[in-house]
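To start, the structure under review is shown below, and the notes come after it.
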Amino acid sequence: MIPIKLTLEGFTSYRRLQSIDFTDFDVACISGQNGAGKSSLLDAITFALYGKARKNDEAIINTASKKASVTLDFDYEQTRYRVLRSITRGKGGQVDFLILSPDGETWKTLSERTATETNAKIERTLRLDYETFINASFFLQGKADSFAMKKPSERKQILASILGLDEWERYRELAREKRAQKETELAANKSKFDECQKEIDQEPKRQQELSELEKEKALVHARLVELQLIRQKQQSEEARLKGLQENLERLKLQLQKAKKEEAETQSLIAKRQQQLNVCQQELENADRIKAELDAYKATRSKQEAFDALQAQVRPLEDRRKDLLAMLEKEKALLDSQLQSLRQEKTRMDADSAQIKELEAQAAALEAELQALQKQTQPKPAREAELGALQEKAGSLQAEMKQMESRGLELNERMARLDQVQEAHCPLCGQPLSGQDRQALIQDLESERNTSRGLYAGKKNECMQALRSMDDLRTEIQSLNRLEEKLNNGRVQFAGLSRRLEILLQNQSEWQTTKARQLQALERQLSEESFLPELKAQLTALEQELAKSGYDPLLHASLRQQVKEGAAIQTQVNHLELAANEAKNHRQTLAELESRLTKQQEESQKITQEHDLLATKLAAESAGLADGRQTEQELRLTQEEEARVLRFLGGAQQRLKAIECQREYQKKLTAQAEEMRKEIDRFKQLEKAFGKDGVPALLIEQALPELQENADGILKRLTNDAMTVFFVTQKEYKDNKRKDRQDTLDILISDGGSTRDYETYSGGEAFRVNFAIRLALSHVLAHRAGARLQTLVIDEGFGNQDAEGRDKLVQALNEVSRDFAKVLVITHIDELKDIFSTRIEVGKTPEGSVLEVIHS
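Per the numbering used here, residue 8 is the first one in the sequence shown, and the count goes up by one each step.
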């Protein structure tokens, strides 16, 4: 992983947006005072990649920020990636994983559905988890010995993870799962084999059941054949008698049909006779109908004469109707205009009273508005006072927040001094004597007491400003309500004024024009003086109509008489039809009486034939056996035979199934043998993939290279005074055990003796740690499994003398060519000067800031 660009905001001590471009250098020193935020840059890298740092959760968010965000662009195996990670107070975190397209123009997302899945994908891309990454690539402050200080068994596990050997554990787990699956299948195979054997053991019993069923089948079949012969004879006799019964039914139906036809003929005769009687009654009215016909003809002649006279006077009548309609229309129009003017007069009378009321309301409202105008005049001055107090309170609160932050820092430093026996200088990291430690505690206590006094004063001043602000807000709210009331009153006054203006204008218009129109209309309608020309024309038309002699009432009476008398023609027509129908009815009655005689003779003949056949059938049916009993016994016997055959088929099928079970057992036996072979193969793979198998061999192969590199670096750091080597196996404390214990011990030789790493401390232990860690990174840089191309050393030189630091710098220069980026964090001035590029970290009131300096 090669960092390209790091951008952070709101992260730990970095409140404002800061960024570092790593493409301008290969080796750099990160320098600054203690607490400035140097180590936070490493935290930002691990937070971006893994979501982890020395502090987790919301503790990494700057105290003055709501959100911490980090963006890291990095190269890995010739591909550029970008991780954007953030965490917001009370809302949790978010992560996005991107890859740069081959054209170098656009970013494509690699993010998964959830943050957990995205974190796993980043780890798969880097091929390292968080613990392995910091143990191999970072010399973190206070954790430079984290690999060496692990237990021997844990060291080997970390080394295996760095070397990419965790994949073998996955292989072992897959082999174990396959073996377990095959063992489960083998157990299922055994269960199936036992089930088959249970079926095979039932074969003698199944044979006995089959033999008994075959005997029962023979007996039932013989009885069934006997019953079938008896039933055939019975069915033949029943068929003959059934034929006689069918003939009897046929004669019965013929007799019913003959009787029905005879009854229908009699009904027709009665109906025809009734119709003939009706016709004869109509023919009795012939004289009366003829007299009424003559009177009808005379009335119709008079109507025709009046029709001709009406045609002559019709134009005059039409003109008279038109004139009357015009007069009525004009009168209706004048009535409508009169009604409208009278309604408007009523409204004008009501408006006159309303005008006086509105004038009184307007005068009272104007006086009230003048009083409110005077009461709201102090508002601008009060608002200005409130703004000044708000600015003052904000400034005081910001100062108090800075004092709180400084107070927490002092409390934390004093707590650390109380908890540890050996304190170190916060500037150079050197141990402090007891007297210096006590002096430092007193200085911190004094500073804290002073800060508390200043804080209390600021707090009192801030509280007084806040109380004054509350009083002003209350007064301004009261003024706002008065101002709102003033504005509403102005709107109301404007509405009253406009209403008065409209009412006065309407009164003026009424008196000028519409009042005179009302008087003129009332006079016209009372005297009926409208349209005099039309009235003169109507009088002349009525005189001309009177001279013509045409009587409309008489004409209407004649029309009514003709209309009522028109029915006589229908009676004449009915009379003619009645004469024709009477003739037809008499002829039809003669034919129906002849048909009835023939039908009665046929019914008598069928009755005699039916009675003879019924007597014969009754005599022959008396000695016939009951076939229903035989039929029932036959059905029961057939069901019994079907039952026996069903059981017999089941018994035969069960015997066939036993043969199939024998064949299935042979197949199961062959499958079980193959499964046992596969189980043995998977067991061998489990052992090979386990920690004592291939991974152990690979670690044994890697340790010589690691030991050679670590030993060479340590010798340069100690002028060949110390050497290091690793032991991977040792004897058990139990002498009875012949095997050896798996371990990864670190042994150090100083020329005089060889001791375990755990017996060293201080500068010697750090040089050993540094040599091993550099060697480990050097080995990984030449391996394809995990590409660690960045080396970071955080405050690793404070406990070394001048010669030791020179040796460390010399070793660092030698291994830097194997890494794309090397970063060293320190606050020792003489060490900063040896680097051509420095990343200076400073602390300001706005948070930590960065500056890249090239010398």
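Every residue gets a Cβ at the ideal spot worked out from N, C-alpha and C, and that includes glycine.
Being a predicted model, the structure only gives us computed values, none of them experimental.
task: Please report the Cβ distance between T869 and S38, rounded to the nearest whole angstrom; I am assuming they are in contact, meaning their Cβ atoms lie under 8 Å.
output: Examination of residue 869 is not possible in this model, given that the chain is present from 8 through 862 alone.
- prompt: Under a three-way DSSP split, which group does R92 fall into?
  reply: strand
field: Limits of the alpha helix (DSSP H) - the one that Q319 falls within
entry: 293 to 382
- prompt: Where are the beta strand (DSSP E) runs, 3 residues long or more, that stay fully inside the region 679 to 742, in chain order?
  reply: 730 to 738
- request: In angstroms with no decimal places, state the Cα-to-Cα distance between A400 and F104.
  value: 44 Å
field: Outcome for S144 when other beta-carbon atoms lying within 10 angstroms are tallied against a minimum of 16
entry: buried
field: Same chain, Cβ closer than 8 Å to E351, neighbours up to 5 away in sequence not counted
entry: W517, K521
query: How is I800 classed by DSSP in three states: helix, strand or coil?
result: strand
For G97, three-class secondary structure by DSSP: coil
Distance between F32 and I846 (C-alpha atoms, nearest Å): 11 Å
message: Measuring alpha carbon to alpha carbon, tell me which residue in E216, K694, E534 is nearest L655.
response: Comparing C-alpha distances from L655 to each of E216, K694, E534 shows the shortest one belongs to E216.
message: Do E616 and L248 have their beta-carbon atoms positioned less than 7 Å apart in this structure?
response: no
message: Could you tell me the alpha carbon to alpha carbon distance between E373 and L479, rounded to whole angstroms?
response: 30 Å
- prompt: In terms of residue numbering, what span does the beta strand (DSSP E) encompassing R747 cover?
  reply: 747 to 756
message: Closest to R593 by C-alpha separation, out of Q281, E256, Q40, K185, would be which residue?
response: Q281
query: Can you tell me whether DSSP reads P385 as helix, strand or coil?
result: P385 carries a coil assignment under DSSP once its states are collapsed to helix, strand and coil.
C-alpha distance - E268 paired with Q606, whole-angstrom precision: Each residue's alpha carbon lies about 7 Å from the other.
message: I'd like to check one pair, A597 with C286: are the Cβ atoms closer than 7 Å?
response: no
- request: Helix, strand or coil for E858, going by three-state DSSP, please let me know.
  value: Strand, per DSSP.
task: Run through the region 13 to 76 for me and flag every whole beta strand (DSSP E) of 3 or more residues, listed as ranges in chain order.
output: 25 to 28, 34 to 38
task: Specify the secondary structure class of L503 as computed by DSSP and reduced to three states.
output: helix
task: Since I believe T730 is in contact with L721 (beta carbons under 8 Å), could you give me their beta-carbon distance rounded to a whole number of angstroms?
output: 7 Å
- request: Might you give, ordered along the chain, the residues of its own chain that have their beta carbon closer than 6 Å to the beta carbon of I207, omitting 5 neighbours on each side?
  value: I665, Q668
- prompt: When you compare only the Cα positions, how much space is there between I67 and A55?
  reply: 12 Å
task: Please state if the CB of I106 and the CB of L117 are separated by a distance shorter than 7 Å.
output: The answer is yes: Cβ separation under 7 Å.
query: Which residues bound the beta strand (DSSP E) around I835?
result: Here I835 belongs to no beta strand (DSSP E), and DSSP marks it neither H nor E.
message: Which residue wins for smallest C-alpha separation from K570, given the options Y462, Q310, D356?
response: Q310
- prompt: Going by beta carbon distance, what residues of the same chain come within less than 6 Å of S756, once the five residues before and after it are set aside?
  reply: T730
query: Can you name the start and end residues of the alpha helix (DSSP H) that R845 belongs to?
result: Not the alpha helix (DSSP H): R845 falls in the beta strand (DSSP E), residues 844 to 851.
- prompt: Who are the Cβ neighbours of E324 in its own chain at under 6 Å, not counting the five residues just before and after it?
  reply: none
query: Using 8 Å as the Cβ pair cut-off and three pairs as the minimum, do the region 702 to 721 and the region 232 to 246 touch?
result: no
task: For E219, collect the residues of the same chain with a Cβ closer than 8 Å to its Cβ; drop the 5 residues on either side in sequence, then sort them by chain order.
output: Closer than 8 Å at Cβ, skipping near neighbours: no residue.
query: Quick one: what's got a C-beta closer than 6 Å to I94's C-beta in the same chain, skipping five residues either side?
result: A75, G100
- prompt: Which residues bound the alpha helix (DSSP H) around K938?
  reply: Outside the displayed range of the chain (8 to 862) lies residue 938, so it cannot be described from this structure.
- request: Leaving out five residues on either side along the sequence, give the residues of the same chain with a beta carbon under 7 Å from the beta carbon of P433.
  value: Confidence in P433 is poor, its pLDDT being 49 and thus under 50, which makes the residue's placement too unreliable to answer from.
- prompt: M8 by DSSP, collapsed to three states: which one?
  reply: coil
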